[in-house]
Amino acid sequence: MRIGLFGGSFDPVHMGHLLAASESADQLELDEVHFVTAARPPHKRPVAPAEARHEMVVLATISDERFRASRLELDQPGPTFTVDTLRRARRRWPAAELFFITGADAYRDLASWREPQALVELAQMVAVSRPGYDLGRLDPFFRERVLFLEIPGYEISSTEIRRRVVDGRSVRYLVPYEVEVYIVKHRLYRAD
Ligand code: ATP
Ligand code: MG
2 MRIGLFGGSF DPVHMGHLLA ASESADQLEL DEVHFVTAAR PPHKRPVAPA
52 EARHEMVVLA TISDERFRAS RLELDQPGPT FTVDTLRRAR RRWPAAELFF
102 ITGADAYRDL ASWREPQALV ELAQMVAVSR PGYDLGRLDP FFRERVLFLE
152 IPGYEISSTE IRRRVVDGRS VRYLVPYEVE VYIVKHRLYR AD
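Residue numbers (this note's numbering): 2 to 193.
Dropping the structure here:
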């Protein structure tokens, strides 16, 4: 089994995430990609509740048989660090080849991640290209240990989607239809 773990706050999940996961699965011949919703990411404070973000990931991933919506970090108390998540994944799938997937932007501050040496031993680290972020200044330690994947550029972020909702603009074709409906139904990200 070759398993990709794709971590994020998914606030909300969008087409850029789905494309990144799909391209990673194709290029790395992964059997599964698990979308690991961060409950309490150490570096930022999500806007929507963790369960709502997870439910949107469930809706977004349900129609692709390679994708799983993972609760790996959701039921953990306290802040969640990637290295702990990878240790838990390793215990759950002792025989699997693990890949930890992020976008290029996540690697700019990789040096500040917990236990970098353990990270690269627990899983193959993977960085997919993302418009607006290059990896030119990456620490040599990581440059040698991270696998870089070139994927079609999708210039979109959860921040931009939340801003559009606040402004009353459409998010159609930026998020899956079911996610768009969920955001409206639960009145997420609105200013009022
Ligand atoms: P925010 O604006 O709230 O930070 P985001 O769009 O960056 O949201 P995250 O949940 O922070 O989404 O990202 C989860 C993972 O997906 C990160 O590793 C990020 O680099 C990657 N990612 C997000 N959007 C894209 C994209 N458009 N192309 C490639 N990778 C992406
Ligand atoms: Mg982000």
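Just so you know, even glycine gets a beta-carbon here, dropped at the ideal spot from N, CA and C.
Does ligand 2 have a heavy atom nearer than 7 Å to the CB of D199? Coverage of the chain is limited to positions 2 through 193, which leaves residue 199 absent and any answer about it impossible.
Shorter than 7 Å, the distance from the beta carbon of D106 to the closest heavy atom of ligand 2, or not? D106 Cβ: within cutoff of ligand 2.
Identity of the residue in R46, Y134, S25 nearest S10 by Cα: Comparing Cα-Cα distances from S10 to each of R46, Y134, S25, the minimum goes to R46.
Measure the beta-carbon distance from E179 to L60 and round it to whole angstroms, keeping in mind my assumption that it falls under 8 Å. Yes, E179 and L60 are in contact; Cβ-Cβ is about 4 Å, under 8 Å.
Measure the CB-CB distance between A51 and T62 and report whether it falls below 8 Å. A51 is not a Cβ neighbour of T62, given a cutoff of 8 Å.
Contact set for R93: own chain, Cβ-Cβ below 6 Å, skip 5 residues either direction: The same chain holds no residue with a CB closer than 6 Å to that of R93 once the five nearest residues on each side in sequence are set aside.
Roughly how many whole angstroms lie between the Cα atoms of L87 and E74? Spanning the two alpha carbons is a distance of roughly 10 Å.
In the DSSP assignment, what are the bridge partners of R173? Bridge pairing for R173: V176 [DSSP].
Check whether the stretch 108 to 126 and the stretch 150 to 160 are in contact - that is, three or more C-beta pairs closer than 8 Å. Three or more Cβ pairs closer than 8 Å define a contact, and the stretch 108 to 126 falls short of that threshold against the stretch 150 to 160.
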